[in-house]
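Peer 1: Below is one structure. I have some questions about it.
Numbering (our numbering), first residue to last: 127 to 406.
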């Protein structure tokens with residue numbers, strides 16, 4: 127006896143060659159979208175870089191300095207050019223991510239049951255939204271805080287014997303803000319990853335609660351590795367990670383309660399109809 131879900135999978139099955147042809151098509155669409163987004167971001171690279179410098183200017187104002195005199199330097203002739211390429215690739219990947227994720231979903235969707243496809247779609251939408259929330263937190267708060275911390279180490283003014291000013295290189299500043307955006311963006315995927323794992327039965331709320339102490343330690347270790355060596359950014363990444371971990375526990379508990387209610391309804395329906403439970 128075959129179920130309707132089995133018939134649905136059988137209808138979507140295709141020979142290996144057709145799968146490879148479809149995979150090539152999905153890859154071409156993804157690479158094409160990324161290349162177009164890269165060209166657009168590279169064309170506007172200087173404007174985008176000036177936009178990324180705004181948190182540095184805000185930090186300068188917080189430090190009581192003249193924000194109009196913010197200077198960045200490059201010490202190699204090709205440095206700013208390669209910085210623009212990196213910025214184009216970084217921006218292109220972010221812009222093209224919805225297209226890449228959609229192509230990936232459309233490739234694997236025929237091999238999923240209908241309920242699995244319906245369960246996967248919300249996470250496909252939530253993932254880029256959470257990444258953008260993490261990136262916005264970096265841009266509007268943590269980058270200005272980090273740069274203010276570094277600016278506070280300067281020695282400027284007529285009463286100083288030695289003038290020590292912060293003149294960051296364009297590549298190092300871009301590397302700093304890109305690292306922070308990627309770190310926070312990936313950390314904000316924690317609820318998505320844990321809820322997906324809970325749906326397929328790989329993790330439970332009890333396990334997350336039991337490993338909470340280790341999770342806190344790992345959060346600070348990961349923050350120390352991914353962020354610059356300053357307490358502001360390290361604590362700033364570790365605390366949201368711990369909060370997101372607690373949110374993940376709450377979401378997994380909701381999934382488990384929903385699953386328990388559905389199982390209870392199914393058993394009650396089977397008892398009323400008199401049909402035996404297939405799992406027994």
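Just so you know, even glycine gets a beta-carbon here, dropped at the ideal spot from N, CA and C.
Can you list, in chain order, the residues of its chain whose CB lies under 6 Å from that of residue 304, leaving out five sequence neighbours each side?
Peer 2: For the purposes of this step, residue 304 is taken as residue 178 along the chain shown, with counting starting at 1. Cβ neighbours of residue 304 beyond the five flanking positions: 216.
Peer 1: Would you tell me roughly how many angstroms separate the C-alpha atoms of residue 183 and residue 383, rounded to the nearest one?
Peer 2: Position 57 of the chain shown, counted from the first residue, corresponds to residue 183. Position 257 of the chain shown, counted from the first residue, corresponds to residue 383. Near 49 Å, if we compare the C-alpha coordinates of residue 383 and residue 183.
Peer 1: To the nearest angstrom, report how far apart residue 341 and residue 174 are at their CA atoms.
Peer 2: Counting from one through the chain shown, the residue named residue 341 turns up at place 215. Counting from one through the chain shown, the residue named residue 174 turns up at place 48. Distance between the alpha carbons of residue 341 and residue 174: 36 Å.
Peer 1: Do residue 163 and residue 255 have their CB atoms nearer than 7 Å?
Peer 2: Taking the chain shown and counting its residues from 1, the one referred to as residue 163 is at position 37. Taking the chain shown and counting its residues from 1, the one referred to as residue 255 is at position 129. No, they are not a contact pair.
Peer 1: Compare the beta carbon distance of residue 252 and residue 214 with 7 Å and say whether it is the shorter of the two.
Peer 2: Here residue 252 refers to the residue found at position 126 of the chain shown. Here residue 214 refers to the residue found at position 88 of the chain shown. No.
Peer 1: Provide the residue(s) that pair with residue 290 in DSSP beta bridges, ordered along the chain.
Peer 2: Taking the first residue of the chain shown as position 1, residue 290 is located at position 164. In the DSSP output, where bridge partners are listed per residue, residue 290 has 281.
Peer 1: My parser needs the beta strand (DSSP E) runs of 3 or more residues fully inside the stretch 147 to 211; what are they?
Peer 2: none
Peer 1: Thinking C-alpha only, which one of 364, 398, 396, 233 is nearest residue 312?
Peer 2: Position 186 of the chain shown, counted from the start, is the residue given in the question as residue 312. Answer by Cα proximity: 364.
Peer 1: So, using beta-carbon positions, are residue 321 and residue 377 closer together than 7 Å?
Peer 2: Residue mapping note: residue 321 aligns to position 195 of the chain shown, counting from 1. Residue mapping note: residue 377 aligns to position 251 of the chain shown, counting from 1. With contacts defined by Cβ atoms closer than 7 Å, residue 321 and residue 377 form a contacting pair.
Peer 1: Give a yes or no on whether 7 Å exceeds the smallest Cβ distance from residue 375 to chain B.
Peer 2: The structure shown contains no chain B; it holds only a single protein chain.
Peer 1: Is the distance from the Cβ of residue 331 to the Cβ of residue 375 below 7 Å?
Peer 2: Indexing the chain shown from 1 puts residue 331 at position 205. Indexing the chain shown from 1 puts residue 375 at position 249. Taking 7 Å as the Cβ cut-off, residue 331 and residue 375 qualify as a contacting pair.
Peer 1: Spell out a yes or no on whether the stretch 228 to 240 and the stretch 147 to 164 are touching, meaning 3 or more CB-CB pairs, one atom from each, closer than 8 Å.
Peer 2: yes
Peer 1: Can you check DSSP and say which residues form a bridge with residue 295?
Peer 2: As a position in the chain shown, residue 295 is number 169, starting the count at 1. Per DSSP, 199.
Peer 1: Give the secondary structure of residue 355 by DSSP, where H, G and I count as helix, E and B as strand, and everything else as coil.
Peer 2: Here residue 355 corresponds to residue number 229 of the chain shown, with the count starting at 1. Per DSSP, reduced to three states, the secondary structure at residue 355 is coil, with no helix or strand assignment.
Peer 1: Less than 6 Å between C-beta atoms, sequence neighbours within five positions excluded: which residues of the same chain meet that for residue 218?
Peer 2: Here residue 218 refers to the residue found at position 92 when the chain shown is read from its first residue. Around residue 218: 160, 163, 164, 167.
Peer 1: Does residue 311 come out as helix, strand or coil in the three-state DSSP assignment?
Peer 2: Start at 1 with the first residue of the chain shown, and residue 311 comes out as number 185. Helix at residue 311.
Peer 1: Using a Cβ-Cβ cutoff of less than 8 Å, which residues in the same chain neighbour residue 334 once the five nearest sequence positions on both sides are dropped?
Peer 2: Along the chain shown, one-based indexing puts residue 334 at 208. Hits under 8 Å: 320, 341, 371, 374, 375, 378.
Peer 1: With contact counted as at least three CB pairs below 8 Å, one residue from each stretch, are the stretch 197 to 209 and the stretch 255 to 269 in contact?
Peer 2: Contact between the stretch 197 to 209 and the stretch 255 to 269 is absent: fewer than 3 CB-CB pairs across the two stretches fall below 8 Å.
Peer 1: Spatial neighbours of residue 290 within its chain, please: C-beta separation below 7 Å, excluding the five flanking residues on both sides.
Peer 2: Position 164 of the chain shown, counted from the start, is the residue given in the question as residue 290. Correct list, in chain order: 280, 281.
Peer 1: So the candidates are 293, 278, 323, 318; which of them puts its Cα closest to the Cα of residue 356?
Peer 2: Position 230 of the chain shown, counting from 1, holds the residue named residue 356. The residue with the shortest Cα to Cα distance from residue 356 is 278.
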